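Here's the structure, in structure tokens; my notes come after.
Protein chains: 2
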Amino acid sequence: MKARRDVFQAIADPTRREIMGLLVHNTLTLNGIVEHFEVSRPAISKHIKILEECGLVMIEQQGRERYCTAKPQKLKEVFDWIDQYKVFWNQKLDALDDFLMNDTPTDS
Amino acid sequence: MKARRDVFQAIADPTRREIMGLLVHNTLTLNGIVEHFEVSRPAISKHIKILEECGLVMIEQQGRERYCTAKPQKLKEVFDWIDQYKVFWNQKLDALDDFLMNDTPTDS
DNA sequence: ATTATATGTAACCATTTGGTTTTATTTTGT
DNA sequence: ACAAAATAAAACCAAATGGTTACATATAAT
């Protein structure tokens, strides 16, 4: 594992999203996290490393344990990107939409 | 290309995010999009396919051309996921804090 | 000191990803 | 009818991803 380590990529993985969900409410040790998943400890360890590398998780070493906590602030980057599209959500869609589209979830 | 085709994964790629940025304001043909990038047409074609598959882009075939438009509505899924973390952004939660109180930091 | 615990790291592996070039296929213009 | 244009689809490729098992290391418990 190496390269493009950004928040968008970090949250692309469902396991990592789940981990975020766990850690935002509880501070857990690595093994504490592992318990919630089917995958092996090293797999989780890697996910945590990725999350840490892009600032989504903070790790506090305490003795032989590592306490992990979510740092959701970093999600703001994604939020901000998406935010620019929000203005279009409620906007009238053009004819093509109706034509092809199934869901058109306009709530207005 | 195959599997896990969801919005999170779709926007993980920076080129695809750029494409979204283009298409939200302009409807462009495939070649029209290609012009904005360095990569080959087939590469863009694949990106578009992915974006379409997960509902972020709509394609309207017109003769031999395919007009692509962004469907930012689908980003709501990501928005909603992130939204649950928004609560924590303004919160003062450094490691120790969370560590010590370790008890759902309810804001209600 | 020795052992058990918590974790990291390495080596490996299959699949996916993002790209390429080459080869169709369909539509338009002449 | 024929050539050009717009695009898809196939075949291929290197690198990244997500996982595994095996091994290493530091701390805690006895």
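Line by line, the protein sequences are chains A and B.
Residues in the first sequence are numbered consecutively from 1, following my numbering.
Residues in the second sequence are numbered consecutively from 1001, following my numbering.
Cβ atoms here follow ideal geometry from the backbone N, Cα and C, with glycine treated the same way.
Fair warning: this is a prediction, and the values are worked out from it, not measured in the lab.
For B:Q1009, the enclosing alpha helix (DSSP H) begins and ends at V1007 to A1010.
Residue-level contact by beta carbon holds for B:I1011 and chain A, with a gap shorter than 8 Å. Here the segment 46-63 of chain A makes no contact with the segment 1032-1042 of chain B; the two share fewer than three CB pairs at distances below 8 Å.
Taking the beta carbon of B:F1088 as reference, the chain A residues within 7 Å of it are V24 and P72, listed in sequence order. Assignment of B:V1057 by DSSP, reduced to helix, strand and coil, places it in the strand class.
Nearest CB-CB separation between B:K1046 and chain A: not below the 8 Å threshold. Neighbourhood of A:F37 in chain B, by CB distance below 7 Å: empty, with the nearest CB roughly 17 Å away. Interface criterion met: the Cβ of B:R1017 is under 8 Å from a Cβ in chain A. Residue contact check for A:V78 against chain B: a CB pair falls below 8 Å.
Taking the Cα of A:F88 as reference, the smallest distance to any Cα among B:N1026, B:Q1073, B:D1080 and B:L1056 is reached at B:Q1073.
Counting only runs of 4+ residues, the alpha helix (DSSP H) found wholly inside the segment 1025-1059 of chain B occupies 1030-1034 and 1041-1053, in chain order. In the DSSP annotation of this structure, A:R64 is not part of any alpha helix (DSSP H), being labelled neither H nor E. Closest option to A:R5, judged by alpha-carbon separation, among B:P1014, B:D1006 and B:L1023: B:P1014. Across the structure, B:G1021 and B:G1032 are spaced so that their CA atoms are roughly 14 Å apart. When A:D80, A:E65, A:Q62 and A:M58 are compared, the shortest CA-CA separation from A:F8 is found for A:D80. For A:I50, not one C-beta of chain B is nearer than 8 Å to its own C-beta.
Comparing C-alpha distances from A:K86 to each of B:I1050, B:L1075 and B:N1090 shows the shortest one belongs to B:L1075. Taking the Cα positions, B:T1029 is about 4 Å away from B:Y1067. Here the alpha carbon of B:E1053 sits roughly 31 Å from the alpha carbon of A:V24. Around the beta carbon of B:G1063, fewer than 16 other beta carbons sit within 10 angstroms, so the residue counts as exposed.
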